[in-house]
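In our numbering, the protein residues as written are 15 to 301.
A virtual CB, placed ideally from N, CA and C, is assigned to each residue, including glycine.
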DNA sequence: CCGTTAACCTGAGAGC
DNA sequence: TGCTCTCAGGTTAACG
């Protein structure tokens, strides 16, 4: 479900409510997420105080004392639901499927705080929690990942080195977290449209100017989305509270057969499938 | 090593 | 209020 901007918004929301708050109780209702929740999970988290919450690519990291951490990935359908106690029916949904009430099914984990309950809900169970016992282990976990899409290491020099002589297309590169971390299926299409680059263009065929654009517009598209509160694709019937608005800014995603929104362009947005993932691009301005 | 495919899951929506 | 099919914002083992 969430890509870098959405995870960033979730992180900011969590941080604003849960910084320096202690986890009083941990309940696991279903341990079978992407990776099975280990036996010591509840004991590890109980009584831990959340010193900080950060994001790295699409992961949320809870920081505890003594260099202990908990990494959370939301997978495709994971959402967090924060409920304030003592407020009957008061409901804050931190994620991007808006729902007035806590979903009835698929609540797998509950973290209980003094004033809040935080539920992890995930119908498809592609998300996971991972306990981390040291800074070294944390660094090791992220070692295989490529530079952050919004980081300084994602630059022209890096792209030149990585794309040289590669036959893989640029859309697949952008989705490859070992190449660059944080970009997912929606933003890959959106970024390439802003760059005027065809998603099927091979790494080795990208010009220096193309690479410069990829760096520049990955930054601007993702940042603009964060500014807009991320993207909310599906609204349930009981919509309430705040939702992301970047979906209103989509130029290609889910715009199959519609006109290109670029002013001077007369092209039509086409949908193709690359590596089993829907890909949208303009048949005129993306070369 | 490189690149691609299938698989992991549930639910919504379309079409019949 | 049926049934079947496709598709979904992610990742990764297994294959040629």
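Which of helix, strand or coil DSSP assigns to residue i
i, result
"residue 266", "coil"
"residue 208", "helix"
"residue 151", "helix"
"residue 96", "strand"
"residue 235", "helix"
"residue 49", "coil"
"residue 218", "helix"
"residue 260", "helix"
"residue 241", "helix"
"residue 230", "helix"
"residue 181", "coil"
"residue 283", "strand"
"residue 91", "coil"
Whole-angstrom distance between residue j and residue i, CA atom to CA atom
i, j, result
"residue 78", "residue 64", "5 Å"
"residue 29", "residue 208", "32 Å"
"residue 206", "residue 225", "11 Å"
"residue 160", "residue 100", "44 Å"
"residue 217", "residue 236", "22 Å"
"residue 309", "residue 156", "Residue numbering for the chain in the displayed model covers 15 to 301; residue 309 lies beyond these limits and cannot be assessed."
"residue 39", "residue 274", "51 Å"
"residue 59", "residue 120", "21 Å"
"residue 72", "residue 298", "32 Å"
"residue 176", "residue 182", "11 Å"
"residue 220", "residue 300", "13 Å"
"residue 151", "residue 95", "28 Å"
"residue 143", "residue 85", "6 Å"
"residue 32", "residue 233", "28 Å"
"residue 280", "residue 243", "30 Å"
"residue 131", "residue 92", "16 Å"
"residue 166", "residue 118", "43 Å"
"residue 164", "residue 37", "31 Å"
"residue 191", "residue 265", "23 Å"
"residue 129", "residue 54", "25 Å"
"residue 199", "residue 282", "20 Å"
"residue 296", "residue 162", "27 Å"
"residue 271", "residue 50", "42 Å"
"residue 81", "residue 52", "19 Å"
"residue 153", "residue 189", "22 Å"
Where the alpha helix (DSSP H) through residue i begins and ends
i, result
"residue 289", "Segment: none, residue 289 is in no alpha helix (DSSP H) and carries neither H nor E."
"residue 35", "Looking at the DSSP string, residue 35 is not in any alpha helix (DSSP H), and its letter there is neither H nor E."
"residue 55", "55–59"
"residue 186", "184–189"
"residue 66", "Residue 66 -> not in any alpha helix (DSSP H); beta strand (DSSP E) instead, spanning 66–70."
"residue 159", "Note, residue 159: premise wrong, no alpha helix (DSSP H); not H, not E."
"residue 171", "170–177"
Residue i, enclosing beta strand (DSSP E) - first and last residue
i, result
"residue 30", "Counting along the chain, residue 30 falls outside any beta strand (DSSP E), though it belongs to the alpha helix (DSSP H) covering 18–32."
"residue 142", "142–146"
"residue 73", "73–77"
"residue 84", "83–87"
C-beta contact flag for residue i and residue j at 8 Å
i, j, result
"residue 69", "residue 140", "no"
"residue 267", "residue 204", "yes"
"residue 136", "residue 89", "yes"
"residue 304", "residue 75", "Outside the displayed span of the chain (15 to 301) sits residue 304, for which this structure offers no information."
"residue 170", "residue 229", "yes"
"residue 260", "residue 19", "yes"
"residue 35", "residue 133", "no"
"residue 22", "residue 240", "yes"
"residue 124", "residue 245", "no"
"residue 284", "residue 292", "no"
"residue 212", "residue 288", "no"
"residue 278", "residue 238", "no"
"residue 43", "residue 122", "yes"
"residue 98", "residue 67", "no"
(message) Give the list of continuous alpha helix (DSSP H) stretches no shorter than 4 residues that lie fully inside the segment 114–140.
(response) none
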